[in-house]
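The block underneath contains the structure these notes are about, expressed in structure tokens.
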Amino acid sequence: MNKLIISVEDARIMDEETCRRKNLSTMDLIKQAGEKLALCFREEMHPEKEQVITVIAGVGNNGCDSMIMGLSLWRIGFLVNFIVVGNERDIRREAWSIIGAIRTSNGRILIIDSESKLDLFREFLKRSAFLVDGLFGTGLNKNIEGLYYQVISLMNSSSLPIFSVDIPSGLNGNSGKPANIAVKASLTGIIQCHKYGNLFGDALDYSGKRKVLEIGLLDDKIIKNKWLLTKEDLRPLPPRRHNSHKYHYGSVLVVGGSLGMLGAP
Numbered sequence: 039m040n041k042l043i044i045s046v047e048d049a050r051i052m053d054e055e056t057c058r059r060k061n062l063s064t065m066d067l068i069k070q071a072g073e074k075l076a077l078c079f080r081e082e083m084h085p086e087k088e089q090v091i092t093v094i095a096g097v098g099n100n101g102c103d104s105m106i107m108g109l110s111l112w113r114i115g116f117l118v119n120f121i122v123v124g125n126e127r128d129i130r131r132e133a134w135s136i137i138g139a140i141r142t143s144n145g146r147i148l149i150i151d152s153e154s155k156l157d158l159f160r161e162f163l164k165r166s167a168f169l170v171d172g173l174f175g176t177g178l179n180k181n182i183e184g185l186y187y188q189v190i191s192l193m194n195s196s197s198l199p200i201f202s203v204d205i206p207s208g209l210n211g212n213s214g215k216p217a218n219i220a221v222k223a224s225l226t227g228i229i230q231c232h233k234y235g236n237l238f239g240d241a242l243d244y245s246g247k248r249k250v251l252e253i254g255l256l257d258d259k260i261i262k263n264k265w266l267l268t269k270e271d272l273r274p275l276p277p278r279r280h281n282s283h284k285y286h287y288g289s290v291l292v293v294g295g296s297l298g299m300l301g302a303p
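Read in order, the letters of the sequence shown are residues 39 to 303 in the numbering used here.
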């Protein structure tokens with residue numbers, strides 16, 4: 039697992055550098071991410087072929103990742119419904135391309151652009167076994183209103199297992215603080231490496247289980263000075279003899295405590 043922890047701004051730099059130096063398009067990165075997400079979903083959530091997976095996508099890159107994920111599952115025989123939330127005029131070019139591919143593959147896709155379609159959305163939820171959250175990515179920095187608020191509220195109240203793409207929709211990508219509402223995921227597939235918002239603030243209470251999915255992004259143009267420490271990084275303490283004392287076992291280096299607050303460490 040990639041244990042690097044980065045900011046939202048670092049993630050953008052990594053995307054741009056990777057596209058430039060590997061001669062890739064944004065769509066190339068989206069396809070790589072979507073296919074890794076689909077594999078993670080299958081390995082971690084164990085869907086059956088007869089269970090309905092409903093992909094709930096926004097109009098930006100996060101929505102594109104989730105739709106490619108769903109399309110990958112659809113093409114190998116899973117039952118997938120696609121829902122895009124937002125005005126058609128806001129749907130980016132890459133998203134329209136994926137929507138076209140879904141339609142060409144005879145996939146079922148619904149664009150929800152007004153609250154009048156929420157009853158139809160509720161019907162989709164009733165027939166679903168899993169939800170994929172691709173509404174908002176790490177760049178969200180405002181409260182969620184109107185249609186999006188109601189969609190997230192219905193997702194959370196459905197009690198269905200939710201797979202979030204990169205970060206649960208509604209969490210700030212740098213602070214991990216939720217907006218006025220945020221998706222409560224069962225599993226979050228994190229692209230390439232943790233962002234601050236995957237770990238800080240309330241992130242752990244909203245993210246469920248976290249899996250980091252590496253897609254080959256280049257990171258040599260960012261400052262790498264924050265890393266995730268896991269129990270696998272720590273050597274177990276050696277067994278102590280009963281007839282011994284503390285000076286037989288060396289010293290412990292404690293790193294922690296800001297200036298003036300050294301008591302706890």
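We put the beta carbon where it would ideally sit given N, CA and C, even for glycine.
Rounded C-alpha distance that separates residue 206 from residue 222: 7 Å
The ligand NAP heavy atom lying under 7 Å from the CB of residue 71: Among the ligands in the structure shown, none appear at all, so the ligand NAP cannot be discussed.
Spatial neighbours of residue 239 in its chain, beta-carbon cut-off 6 Å, leaving aside the 5 residues before and after: Answer for residue 239: 213, 214 and 215, listed in chain order.
8 Å contact criterion, which residue 285 and residue 278 should meet: CB distance rounded: Actually they are not in contact, since the Cβ atoms of residue 285 and residue 278 sit about 12 Å apart, beyond 8 Å.
Cβ-based neighbour list, residue 171, same chain, cut-off 8 Å, excluding 5 preceding and 5 following: 94, 104, 193, 200, 201, 202, 203, 206, 207, 221 and 223
Extent of the continuous alpha helix (DSSP H) run through residue 314: Not covered by the structure: residue 314. The range shown for the chain is 39 to 303.
Span of the beta strand (DSSP E) around residue 146: 146 to 150
Buried or exposed by the 16-neighbour rule on C-beta atoms within 10 Å, applied to residue 296: exposed
CB contact below 8 Å: residue 278 versus chain C: Going by chain labels, chain C is absent from the structure shown, which holds only one protein chain.
Which listed residue (60, 139 and 122) has its alpha carbon closest to that of residue 155: 122
Residue 232 - partner residues in DSSP beta bridges: 43
Three-state secondary structure (DSSP) of residue 138: Residue state for residue 138 is assigned as helix, using DSSP reduced to three classes.
Start-end ranges of the alpha helix (DSSP H) lying completely within the stretch 196 to 281, minimum 4 residues: Qualifying alpha helix (DSSP H) stretches, in chain order: 241 to 245.
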